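In my numbering, the protein residues as written are 20 to 299. The beta carbon of each residue, even a glycine, is placed where N, CA and C say it ideally should be. If you're wondering where the values come from, they're calculated on a predicted model, not measured in any experiment. Taking it in order: structure first as structure tokens, then the write-up.
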């Protein structure tokens, strides 16, 4: 079984190498996975620096480059590339995040076709280790850890694509919609949801580690008009997918996606909280 780990990156700093370091110490060994890094935007000196770092690592890798920016475009290039790599499974890993050392070994032991393997998620601050802060993914994970799979109950786990093992057969020819820089993960997950037979939640301490940073007041101020327009466009995109073949998709899951999209518009931002780094 071969797993492709897809990492988009844009003008990366040291966090990319911390991310890659977490892969070099996987208890599974390095023969079971390969790393696909897609550098987008400015090429140098980043490409040369990444190439130099990778030449010293013990895992198989592919370093791709595209001038077109955007995490969706980068992921799509990687998904197209793995057709020739004979990969059976995919992990989406953001370049500022990390995996616990037992992550790949644990998800591999549960891997099965037509099912997604999902882990818990913890948050950490730069170089300060894991912090005690729950997010909606962790809440959903803990709520459903002993509950049989139901796509409506598990819906929050499908709001992003990180922290999961996806069979290539489930992804098929579906790609991320490059029109969106916010909400593209959930849209992608909804589109492939008709092919998901089960979502298996793993334990054993295997976690996806999400990097956070302190928010500034200027960064936390949101443009609600942009968010509203984006929500409208996303709702249209969801509706087109659903209405093309309504019998393939769960109707409650569909309406929950529409509701969540607009709920994000009116959600109040806390200036004292920590936030994600920007999308690449």
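In DSSP terms, what residue i is bridged to
i: residue 137; result: 183 and 220
i: residue 85; result: 59
i: residue 166; result: Residue 166 pairs with nothing; no bridge assigned.
i: residue 53; result: 23 and 79
i: residue 110; result: 24 and 184
i: residue 199; result: For residue 199, which the question treats as bridged, DSSP gives no partner whatsoever.
i: residue 226; result: 139
i: residue 118; result: 227
Nearest-angstrom Cα separation, counted from residue j out to residue i
i: residue 193; j: residue 210; result: 7 Å
i: residue 172; j: residue 68; result: 43 Å
i: residue 262; j: residue 253; result: 14 Å
i: residue 141; j: residue 175; result: 15 Å
i: residue 284; j: residue 143; result: 26 Å
i: residue 20; j: residue 225; result: 19 Å
i: residue 167; j: residue 272; result: 16 Å
i: residue 255; j: residue 249; result: 10 Å
i: residue 242; j: residue 286; result: 12 Å
i: residue 113; j: residue 266; result: 33 Å
i: residue 203; j: residue 76; result: 32 Å
i: residue 199; j: residue 129; result: 32 Å
i: residue 216; j: residue 104; result: 25 Å
i: residue 94; j: residue 117; result: 17 Å
i: residue 312; j: residue 34; result: Here the chain comprises residues numbered 20 to 299, so residue 312 is not present and cannot be evaluated.
i: residue 85; j: residue 91; result: 12 Å
i: residue 120; j: residue 26; result: 17 Å
For residue i, the first and last residue of its enclosing beta strand (DSSP E)
i: residue 126; result: It is not in any beta strand (DSSP E) - residue 126 instead sits in the alpha helix (DSSP H) that spans 122–129.
Environment of residue i [buried if 16+ CB atoms lie within 10 Å]
i: residue 45; result: buried
i: residue 102; result: exposed
i: residue 111; result: buried
i: residue 268; result: buried
i: residue 257; result: buried
i: residue 155; result: exposed
i: residue 50; result: exposed
i: residue 280; result: buried
i: residue 74; result: exposed
i: residue 270; result: exposed
i: residue 239; result: In this prediction, residue 239 has a pLDDT of 45, which is less than 50 and means its spatial position is unreliable; what the coordinates show is noted afterwards. When all chains shown are included, residue 239 counts as exposed.
i: residue 38; result: buried
Terminal residues of the alpha helix (DSSP H) in which residue i lies
i: residue 90; result: 90–100
i: residue 28; result: Per DSSP, residue 28 belongs to no alpha helix (DSSP H); it is in the beta strand (DSSP E), 22–28.
i: residue 284; result: 270–285
i: residue 211; result: 203–211
i: residue 69; result: 65–73
i: residue 174; result: Per DSSP, residue 174 belongs to no alpha helix (DSSP H) and is neither H nor E.
i: residue 40; result: 33–43
i: residue 255; result: 243–263
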